[in-house]
């Protein structure tokens, strides 16, 4: 009986996570130009203030309100859903 309750809870949670997981967000490896063309101008832009070196490239964050996109140089590293 205990196992069936766990599966019932899992089945109720799956649609919520599926909607978030498969939503249309920028993918790793996309360029800044591709993201800007598909999603428009970001609401805000932040850049790392540290000195840029080959070992420590510039990290840029574009905030779109419901999600943020992290770039290394001009390539998407991560997309974080808020």
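Numbering (this note's numbering), first residue to last: 738 to 819. Note that beta-carbon positions come from the ideal geometry of N, C-alpha and C, so glycine has one too.
**OP:** Name the two residues that bound the continuous alpha helix (DSSP H) containing residue 807.
**Re:** Within the chain shown, the letter at position 70 stands for residue 807. Taken as a continuous stretch (DSSP letters only), residue 807 belongs to no alpha helix (DSSP H), being part of the beta strand (DSSP E) at 804-809.
**OP:** For residue 794, decide whether its Cβ has a neighbour in chain D, counting only Cβ atoms nearer than 8 Å.
**Re:** The structure shown contains no chain D; it holds only a single protein chain.
**OP:** Give the single residue among 784, 800 and 785 whose Cα lies nearest to the Cα of residue 776.
**Re:** The residue labelled residue 776 in the question sits at position 39 within the chain shown. Looking at the Cα atoms, 800 is the closest of the given residues.
**OP:** Could you tell me which residues DSSP pairs with residue 815 in its beta bridges?
**Re:** The residue given as residue 815 occupies position 78 in the chain shown. 807, per the DSSP bridge assignment.
Original post:
If we count the other Cβ atoms within 10 Å of its Cβ and call it buried at 16 or more, is residue 772 buried or exposed?
Top reply: Within the chain shown, numbered from 1, the residue matching residue 772 stands at position 35. Classification for residue 772: buried.
**OP:** Work out the CA separation of residue 796 and residue 809 for me, nearest whole Å.
**Re:** Residue 809 sits at position 72 when you count from the first residue of the chain shown. Residue 796 sits at position 59 when you count from the first residue of the chain shown. Cα-Cα distance, rounded: 5 Å.
Subject >> Whole-angstrom distance between residue 787 and residue 817, CA atom to CA atom >> reply: To locate residue 817, count along the chain shown from 1; it is residue 80. To locate residue 787, count along the chain shown from 1; it is residue 50. Taking the straight line joining both Cα atoms gives about 22 Å.
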